Amino acid sequence: MENTAAHFDSQIGVPAELQRRLTREHSAQMHRFTRSDEASIGGGSCVSSRTPTKDAQPLQIETHLATLAVEAAVALVINGIHYAVLMASPAQLEHLALGFLYSEGLIQHSGELLDWEITAIKSVEDLQAFAPANESRLIESQAAVNWAHLLSDYEAYVVTLVLNQRCHQRILAQRRQLAGRTGCGMCGMTGLQQALPDLSAYSRYATSDEASSSPNYSVQPVSVEQAAYGRGDNAINGRADNGSPNSSADKQTRPNLEQLLQIRALIESTQATHQLTGAVHAAATWYQGELYLFEDVGRHNALDKLIGWQLRNQVALEFVVMTSRLSIELVQKAVRCRLPWLVGMSAPTSTAVRVAQRYGLGLAGFLRDNRVTYYGDNV
């Protein structure tokens, strides 16, 4: 398991080794109009010229090194079956894989994952070793220099997962080859039934028979390293904080505005990779006096990482805050893990609100400035 609580950069708070894996520097040139009385930009090399605009604003050009987020291809190989390829930030991949397995309905609890191994693809030989048989022959038939060139542009990882025999039957019944795009959590689905799952067994309103087929999370003290860039702040007391989250989703305690705004402020100051790149989402939660935050270039990947952490540590949560809009695949994931509340910094979709209400998930959006909006008939 990655030690994401290792040495922190003194200025930003990103573990140095993790920063090297999640970001890259590229040459860039910024153009901007400035007022004629504005001081010149500090740092970099600047060239000033006049523009033919009505106000004749000076144009300033700054060349610099831009820090950008890495998108890595993460192949999931489950019991020898090449199941999916996700475009993701290459960190906390064991949490991502576990959360993805659960979101796909391939496992019902973390104990069904027997083993896993994460391998970085660094060479053509690595690529051949992990490729399906038909692709391996294709690699052999092409000049190695072409693949070496591609590997210099792309970063790739293989997560090899071993599930128990019962789960293997689910894989065979639900198998799909998925080229997962960064912005979509449903790309590659082969039928509408996969995009429109019946989540009645996970509903807050489920009968005892329906609920028996879905997992129950016992609230246990956990001793884990902070999942990403966590920090404690016991001043967040929108509720009486005794260190334990809700023991049941049925309580449906609505997070209040003061608490949510404090969480948002913590996220903004803690979301280190986004501060560096401006290109990643986060899923965050508050548990036992600590903020646990998971970043990824894909919003659904960020939530899967949080779900994977939740499964590994068997904890019940009161709410999760997403830095993105709340789309249907995020709501489906939240319902599956019996989350009481899902909160977004942008708006939810209409479909997300309808599905959340049907299954008893609390939904809130537009968490910004001094406000939040709760959605549904029973808020």
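Each residue of the sequence shown is one higher than the one before, counting from -15 in this note's numbering. For each residue, glycine too, the CB sits at the ideal point set by N, CA and C. This one's a predicted model, so the numbers in the text were calculated from it and none came from an experiment.
Query, Result
"For Val299, three-class secondary structure by DSSP", "coil"
"Distance, Gln259 Cα to Arg322 Cα", "31 Å"
"Candidates Leu245, Glu78 and Phe17: closest to Gln41 by CA position", "Phe17"
"Gln3 to Ser253 span [Cα, whole Å]", "16 Å"
"4 or more residues per run - each alpha helix (DSSP H) lying fully within the stretch 46 to 104", "77 to 87"
"Beta-carbon proximity of Ala266 to Glu274, cut-off 7 Å", "no"
"Contact under 7 Å by Cβ, Pro332 with Leu345", "no"
"Nearest-angstrom Cα separation, counted from Asp182 out to Arg188", "14 Å"
"Identified DSSP bridge partners for His265", "Asp280"
"Separation of Leu290 from Leu301, as counted between CA atoms", "11 Å"
"C-alpha distance - Ile371 paired with Arg296, whole-angstrom precision", "No statement about residue 371 is possible, as the shown extent of the chain runs from -15 to 363 and does not include it."
"Cβ separation of Ile373 and Glu78, assumed to be a contact under 8 Å, to the nearest whole Å", "Absent from the model: residue 373. The displayed extent of the chain is -15 to 363, so no value can be given."
"Under 7 Å between C-beta atoms of Val146 and Leu180", "no"
"Range covered by the beta strand (DSSP E) that runs through Ser11", "Thr7 to Phe17"
"Range of the contiguous beta strand (DSSP E) that encloses His186", "It is Tyr, not His, that sits at residue 186 in the sequence shown. Neither: Tyr186 is in no beta strand (DSSP E) and is coded neither H nor E."
"Under the three-state DSSP convention, the category Tyr343 falls into", "helix"
"Thr307, enclosing beta strand (DSSP E) - first and last residue", "Run containing Thr307: none; DSSP gives neither H nor E here."
"DSSP beta-bridge partners of Val356", "Paired residues: none, contrary to the question."
"Beta-carbon spacing of Ser87, Asp353 below 7 Å", "no"
"Extent of the continuous alpha helix (DSSP H) run through Ala365", "Missing from the structure shown is residue 365; the chain here goes from -15 to 363 and no further."
"Beta bridge counterpart(s) of Thr144 as assigned by DSSP", "Val61 and Glu101"
"Beta-carbon spacing of Val304, Leu277 below 7 Å", "no"
"Terminal residues of the alpha helix (DSSP H) in which Leu111 lies", "Val108 to Phe114"
"Limits of the alpha helix (DSSP H) - the one that Leu314 falls within", "Ile312 to Arg320"
"Proximity below 7 Å, CB of Thr47 to CB of Thr261", "no"
"Residue burial classification, Gln316 (beta-carbon count within 10 angstroms, cutoff 16)", "buried"
"Cβ-based neighbour list, Ile25, same chain, cut-off 7 Å, excluding 5 preceding and 5 following", "With a pLDDT of 44 at Ile25, under the threshold of 50, the modelled position of this residue cannot be trusted, and the question is left open."
"Local Cβ density within 10 Å of Gln161, reported as buried at 16 or more and exposed below that", "Confidence at Gln161 is low in this model, with a pLDDT of 45, below 50, so its placement is unreliable and no value can be given for it."
"Spatially closest choice to Val356 from Val339, Tyr271 and Ser330, by CA coordinates", "Ser330"
"Alpha-carbon spacing of Arg5 relative to Ala72, whole angstroms", "12 Å"
"Nearest to Ala56 (by Cα), restricted to the options Ala0, Leu134, Asn130 and Ser11", "Leu134"
"Cβ neighbour criterion (16 or more within 10 Å) applied to Gly282", "buried"
"Beta-carbon gap between Gly360 and Gly328 smaller than 7 Å", "no"
"Beta-carbon proximity check, Ile65 vs Cys151, cutoff 7 Å", "no"
"Extent of the continuous alpha helix (DSSP H) to which Leu443 belongs", "Because the chain here runs from -15 to 363, residue 443 falls outside it and cannot be looked at."
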